[in-house]
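Trainee: Quick one: structure below, then a few questions.
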Amino acid sequence: MLRLTNSPLRTSGLKKNLVSKFNVAQRRLLVEMNGSPLPISTQVRLLELNRSGLHYQPIPHSTEDLHIKQMIDKIYTRYSMYGYRRICWYMNKIEHYVINHKAVVLRHMKEMGIQAVYPRQNTSKSEPANKIIPTC
Numbered sequence: 001m002l003r004l005t006n007s008p009l010r011t012s013g014l015k016k017n018l019v020s021k022f023n024v025a026q027r028r029l030l031v032e033m034n035g036s037p038l039p040i041s042t043q044v045r046l047l048e049l050n051r052s053g054l055h056y057q058p059i060p061h062s063t064e065d066l067h068i069k070q071m072i073d074k075i076y077t078r079y080s081m082y083g084y085r086r087i088c089w090y091m092n093k094i095e096h097y098v099i100n101h102k103a104v105v106l107r108h109m110k111e112m113g114i115q116a117v118y119p120r121q122n123t124s125k126s127e128p129a130n131k132i133i134p135t136c
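Below is the structure:
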């Protein structure tokens, strides 16, 4: 019985056109929570959305996170060779701000797209005095 009621929706091509034209945020707005002849589960399935995504409300960043990011940025601009461990040490010992290095500093550095600047290996630069040995 359920297949017979939904078969016109499947064969009409509306689903494919609707999903390809709109992004996820726009498709969430198309779901009618109250007063729709179709149940929410059917609407969500046709729009290829998750039901849990309809009720999600993002939490804004706290002022403490913004303060930590500003401190990390200040330390990084002064000492760009410091990685997340040394930045955490600097915040703990110098700034007297107790913080977890992995859960907080590393996560914020990844979000800001910064990492330590240090010299890498120079494996592609050859020494001109050395002989070149042919390989067979």
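Heads up, the sequence shown is in UniProt numbering, so the first residue is 1 and it goes up one at a time. Note that beta-carbon positions come from the ideal geometry of N, C-alpha and C, so glycine has one too.
Relative to the alpha-carbon of ILE68, which residue among GLU111, LEU49, PRO39 and LYS125 has its alpha-carbon at the smallest distance?
Mentor: Of the candidates GLU111, LEU49, PRO39 and LYS125, the one whose C-alpha sits nearest the C-alpha of ILE68 is GLU111.
Trainee: Going by beta carbon distance, what residues of the same chain come within less than 8 Å of MET71, once the five residues before and after it are set aside?
Mentor: Taken in chain order, the residues that qualify are MET91, GLU95 and TYR97.
Trainee: Can you list, in chain order, the residues of its chain whose CB lies under 8 Å from that of ILE99, leaving out five sequence neighbours each side?
Mentor: These residues qualify, in order along the chain: ILE68, CYS88, MET91, ASN92 and VAL105.
Trainee: Rounding to the nearest angstrom, what Cα-Cα distance links VAL24 and GLY35 in this structure?
Mentor: Taking the straight line from one Cα to the other gives about 22 Å.
Trainee: Taking contact to mean 3 or more Cβ pairs, one atom from each stretch, closer than 8 Å, check whether the stretch 113-122 and the stretch 75-83 are in contact.
Mentor: The stretch 113-122 vs the stretch 75-83: in contact.
Trainee: Between SER62 and GLY113, what straight-line distance do the alpha-carbon atoms span, to the nearest angstrom?
Mentor: If you take the alpha carbons of SER62 and GLY113, they lie about 19 Å apart.
Trainee: Measure the CB-CB distance between HIS108 and ASP65 and report whether it falls below 9 Å.
Mentor: Contact flag set, yes.
Trainee: Going by the beta-carbon positions, is the gap between LEU54 and LEU46 smaller than 9 Å?
Mentor: Contact flag unset, no.
Trainee: Hey, could you find the ends of the alpha helix (DSSP H) LEU66 is sitting in?
Mentor: Counting along the chain, the alpha helix (DSSP H) containing LEU66 begins and ends at 63-78.
Trainee: Going by beta carbon distance, what residues of the same chain come within less than 7 Å of TYR84, once the five residues before and after it are set aside?
Mentor: Hits under 7 Å: HIS101, VAL105, LEU106 and MET109.
Trainee: Count the other CB atoms, across all protein chains shown, that sit within 10 Å of the CB of ILE75; report buried if there are 16 or more and exposed otherwise.
Mentor: Answer is buried; the Cβ neighbour count reaches 16.
Trainee: Who are the Cβ neighbours of SER41 in its own chain at under 8 Å, not counting the five residues just before and after it?
Mentor: So the list reads ARG51, once near-sequence residues are dropped.
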